[in-house]
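Undergrad:
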Amino acid sequence: MMRPRVMFMAGAMLLVGAASLEAQATRAPVRRPPVRPTTAPAQPPASPAVMGDDSLTMKFEVSGIPVILRRVTANNVVAANLYLLGGVRQLTPATQGIETMLLEASERGTQKYPRDVLRTKMARMGSVIGVSPGVDWTVMGLRATTTSLDSTWAILADRIMAPRLDPAEVELIREQFVTAVSQRKDSPDALLDFMADSITFAGHPYGLEPTGTEETLSALKVSDLRTYQTQQMVTSRMMLVVVGNVTRARVEKLVRESIGRLPRGTYAWTLPEPPADLPGAYVIAQRQLPTNYLQGYFHGPQASSKDYASLRLACAVLSGRLFGEVRQRRNLTYSVNAPFVERAFSMGGLYVTTTQPDEVLAIMQQQIRALQEGTITSDGLDRLVQQFIVTYFLDNETNADQANMLARAELYQSDFRRASRFVDELRSVTPEDIQQAARKYMTKVRWAYVGDPSKVTPARLLRF
Numbered sequence: 272m273m274r275p276r277v278m279f280m281a282g283a284m285l286l287v288g289a290a291s292l293e294a295q296a297t298r299a300p301v302r303r304p305p306v307r308p309t310t311a312p313a314q315p316p317a318s319p320a321v322m323g324d325d326s327l328t329m330k331f332e333v334s335g336i337p338v339i340l341r342r343v344t345a346n347n348v349v350a351a352n353l354y355l356l357g358g359v360r361q362l363t364p365a366t367q368g369i370e371t372m373l374l375e376a377s378e379r380g381t382q383k384y385p386r387d388v389l390r391t392k393m394a395r396m397g398s399v400i401g402v403s404p405g406v407d408w409t410v411m412g413l414r415a416t417t418t419s420l421d422s423t424w425a426i427l428a429d430r431i432m433a434p435r436l437d438p439a440e441v442e443l444i445r446e447q448f449v450t451a452v453s454q455r456k457d458s459p460d461a462l463l464d465f466m467a468d469s470i471t472f473a474g475h476p477y478g479l480e481p482t483g484t485e486e487t488l489s490a491l492k493v494s495d496l497r498t499y500q501t502q503q504m505v506t507s508r509m510m511l512v513v514v515g516n517v518t519r520a521r522v523e524k525l526v527r528e529s530i531g532r533l534p535r536g537t538y539a540w541t542l543p544e545p546p547a548d549l550p551g552a553y554v555i556a557q558r559q560l561p562t563n564y565l566q567g568y569f570h571g572p573q574a575s576s577k578d579y580a581s582l583r584l585a586c587a588v589l590s591g592r593l594f595g596e597v598r599q600r601r602n603l604t605y606s607v608n609a610p611f612v613e614r615a616f617s618m619g620g621l622y623v624t625t626t627q628p629d630e631v632l633a634i635m636q637q638q639i640r641a642l643q644e645g646t647i648t649s650d651g652l653d654r655l656v657q658q659f660i661v662t663y664f665l666d667n668e669t670n671a672d673q674a675n676m677l678a679r680a681e682l683y684q685s686d687f688r689r690a691s692r693f694v695d696e697l698r699s700v701t702p703e704d705i706q707q708a709a710r711k712y713m714t715k716v717r718w719a720y721v722g723d724p725s726k727v728t729p730a731r732l733l734r735f
């Protein structure tokens, strides 16, 4: 993160000896140029701001970096999320995990802040800096008070601009990462997520793992991290979203005097290519467990599509019906749902943990068919939308969550103002839209299964 810079100014004193009256009388008058007042170096003109629908949110640029600022005066917490765009598209099969490893290693010290100094300052301020890798971008975000923002930002910025990358410290980070990835095999849900994502996006960048694999993490060298930092930490890959009680002038100063000095680079954000239209498939990992884990995904629409909101609600309807039928009526599980995953290209899914997967698969197929062939009532949809809106905003009420909402709207839909229109977009969905979304997208499910293979019939997995 970024560090405050201390500027020292030294004044010079000119001592002039007095001349005798006689000497003054014999000298010609000395003409001196007029003294002009000194001025500070001119700052580049501020870019015009695009105002949001709520009048408290604006978008502008600082040193070529897009900045979205939402002024929130209700609390003294500031969330500043720096988005490194591209996500897994910046990786190759051999470099999976490199960006996450680099950013985490930067917490072990930078050129201005040795490890112990960095940690002491962060602890004293009570601030937090976190790294969140994703398929479309990586977020390096801070949470600070308004009084500690400048100092926290200085640390964040230096972690981006000048990580120390001491070989011994990098090796500790590598060991932690490899251990965490290897333990994924010990957690059925973690293994299920990895397998389901991999099979759903086979051949697509989304199939790469932003946190890396045991093989790639073990092979990465310190020189690889340094090269990646030099090539990829460029302003064209960056977008900053700030939510809190902070002024535009303050944000501009922080950015201009830190990450704004990085090279521009040639990156340009675009939505990824759509994933291939793959047929239904499955992958099985045999485990002796008290229950079996099933997760299937199907491809959804691009985030800018009108179908995005329709499929989101269709998944909510299906999730409620599965809960009622599988858990409440038949007591076949303690956990079942139909998730909707927000990405540039979304996906919907089916998840359950159960001792009787074949029976649950039959119910899932029946409930999808009912959604595709029938329509819910308008009153039922209105109640669902209202409940969904309340839950969604409760889940996105913090400053950090609001920053993510603004970022998704800007990057997925090319306009941060779409975040404030989210409710209207949901309310514009009709029962027929939900039916059409179910027909169009709830098909060709690609499954991951962790558990006893004898408990599931592969042919059932291929019927979706």
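Numbering (my numbering) for the sequence shown: 272 to 735. The beta-carbon is built from N, C-alpha and C at its ideal position, and this holds for glycine as well. No experiment lies behind these values; they were computed from the predicted model shown.
So, do the region 712–728 and the region 553–560 have three or more beta carbon pairs nearer to each other than 8 Å?
TA: Yes, since at least three Cβ pairs between the region 712–728 and the region 553–560 fall closer than 8 Å, the two stretches touch.
Undergrad: Out of GLN637, ALA439, SER581 and MET509, which has the shortest C-alpha to C-alpha gap to ARG731?
TA: With distances taken between Cα atoms, ARG731 lies closest to GLN637.
Undergrad: Could you check if ASN667 belongs to the surroundings of the ligand FMN, using beta carbon to heavy atom distance under 7 Å?
TA: Annotation note on the ligand FMN: not contained in the displayed structure, which lists no ligands.
Undergrad: Going by DSSP, name the residue or residues bridged to HIS570.
TA: In DSSP, HIS570 forms a bridge with MET618.
Undergrad: Which whole runs of the alpha helix (DSSP H) in the region 441–527 are 4 residues long or more, in chain order?
TA: Taking only runs of at least 4 residues, the alpha helix (DSSP H) segments lying wholly in the region 441–527 are 459–471, 485–490, 493–503 and 519–527.
Undergrad: So does the region 422–431 actually touch the region 374–392, counting three or more Cβ pairs closer than 8 Å?
TA: A contact exists between the region 422–431 and the region 374–392.
Undergrad: Verify whether the separation of the beta carbon atoms of THR501 and GLY531 is less than 8 Å.
TA: Cβ atoms of THR501 and GLY531: not closer than 8 Å.
Undergrad: Let me confirm a value: ALA311 is counted as buried when at least 16 other C-beta atoms fall within 10 Å, else exposed. Which label applies?
TA: At ALA311 the pLDDT is 44, less than 50, meaning the model places this residue with poor confidence and gives no usable figure here.
Undergrad: Do THR409 and THR482 come within 8 Å of each other at the CB atom, strictly closer than that value?
TA: Against a cut-off of 8 Å, the Cβ pair of THR409 and THR482 comes out as no contact.
Undergrad: Based on the DSSP output, what are the partners of ARG598 in its beta bridges?
TA: For ARG598, which the question treats as bridged, DSSP gives no partner whatsoever.
Undergrad: Comparing C-alpha positions only, which one of GLN573, CYS586 and ASP653 sits nearest to TYR683?
TA: Here the closest residue by C-alpha is GLN573.
Undergrad: Assuming VAL656 is part of the alpha helix (DSSP H), what are its boundary residues?
TA: Element bounds for VAL656: 649–665.
Undergrad: Assuming contact is defined by CB atoms lying nearer than 8 Å, are GLY736 and LEU488 in contact in what I supplied?
TA: This structure cannot speak to residue 736, because the chain is shown only from 272 to 735.
Undergrad: Taking all protein chains shown into account, decide if LEU327 is buried (16 or more other Cβ within 10 angstroms of its Cβ) or exposed.
TA: So LEU327 ends up on the exposed side.
Undergrad: Applying the 10 Å Cβ sphere with the 16-neighbour rule, what's the burial state of VAL402?
TA: Label assigned to VAL402: buried.
Undergrad: Roughly how far, in whole angstroms, is the beta-carbon of VAL338 from the beta-carbon of VAL612, given that I think they are within contact range, below 8 Å?
TA: In fact, because the Cβ distance is near 28 Å, the residues do not count as touching under 8 Å.
Undergrad: Near PHE253, which residues of its chain fall below 8 Å by C-beta distance, leaving aside the five closest residues on each side in sequence?
TA: Only positions 272 to 735 of the chain appear in this structure, which leaves residue 253 out of reach.
Undergrad: Starting from ARG592, follow the alpha helix (DSSP H) in both directions and report where the run begins and ends.
TA: Element bounds for ARG592: 578–593.
Undergrad: With distance defined between alpha-carbon atoms, name the residue in SER590, LYS392 and THR423 nearest to ALA351.
TA: Cα-wise, what sits closest to ALA351 is THR423.
Undergrad: Can you tell me which of LEU560, PRO729 and ARG508 puts its alpha carbon nearest to the alpha carbon of ALA539?
TA: Considering only alpha carbons, the answer is ARG508.
Undergrad: Around the C-beta of ASP815, are 16 or more other C-beta atoms found within 10 angstroms, so that it is buried, or is it exposed?
TA: With the chain represented from 272 up to 735, any question about residue 815 goes unanswered, as that position is not in the structure.
Undergrad: Following the continuous beta strand (DSSP E) through ALA556, name the residue where it begins and the one where it ends.
TA: Note, ALA556: beta strand (DSSP E), 552–557.
Undergrad: Using three-state DSSP, classify PRO404 as helix, strand or coil.
TA: It is a strand residue.
Undergrad: In three-state terms, what does DSSP make of LYS726?
TA: Helix, per DSSP.
Undergrad: Along the beta strand (DSSP E) that carries PHE331, what are the first and last residues, could you check?
TA: Where PHE331 is concerned, the enclosing beta strand (DSSP E) stretches over 328–333.
Undergrad: What is the rounded straight-line gap between the Cα of PRO729 and the Cα of PRO628?
TA: Cα to Cα, the separation comes out at about 11 Å.
Undergrad: Using DSSP bridges, identify the partner residues of ALA415.
TA: DSSP output for ALA415 lists VAL349 as bridge partner(s).
Undergrad: At 4 residues or longer, and completely inside the region 355–395: list those alpha helix (DSSP H) runs for me, N to C.
TA: Runs found: 369–376.
Undergrad: Got a sec, what are the start and stop residues for the beta strand (DSSP E) SER606 sits in?
TA: Run containing SER606: 606–608, per the beta strand (DSSP E) assignment.
Undergrad: Along the chain, which unbroken stretches of the alpha helix (DSSP H) at least 4 residues long are found entirely within the region 673–699?
TA: Within the region 673–699, the complete alpha helix (DSSP H) runs of at least 4 residues are 693–698.
Undergrad: Could you spell out where the beta strand (DSSP E) holding PRO561 opens and where it closes?
TA: Note, PRO561: premise wrong, no beta strand (DSSP E); not H, not E.
Undergrad: Taking the straight line between their C-alpha atoms, what separation do you get for ASN516 and SER691?
TA: In a straight line, the C-alpha of ASN516 is about 19 Å away from that of SER691.
Undergrad: Using only the alpha-carbon positions, how far apart do VAL623 and LEU565 sit?
TA: When rounded, the distance between both Cα atoms is 5 Å.
Undergrad: Check each candidate in LYS726, ARG734 and VAL716 and name the one with the smallest Cα separation from ASP468.
TA: ASP468 has its Cα closest to that of VAL716, out of LYS726, ARG734 and VAL716.
Undergrad: Could you give the residue range of the alpha helix (DSSP H) that holds ARG710?
TA: 702–712 is the span of the alpha helix (DSSP H), which, as asked, contains ARG710.
Undergrad: Exposed or buried, GLN673, counting other C-beta atoms within 10 Å across all chains shown (16 or more means buried)?
TA: Buried, because 16 or more other Cβ atoms sit within 10 Å of the Cβ of GLN673.
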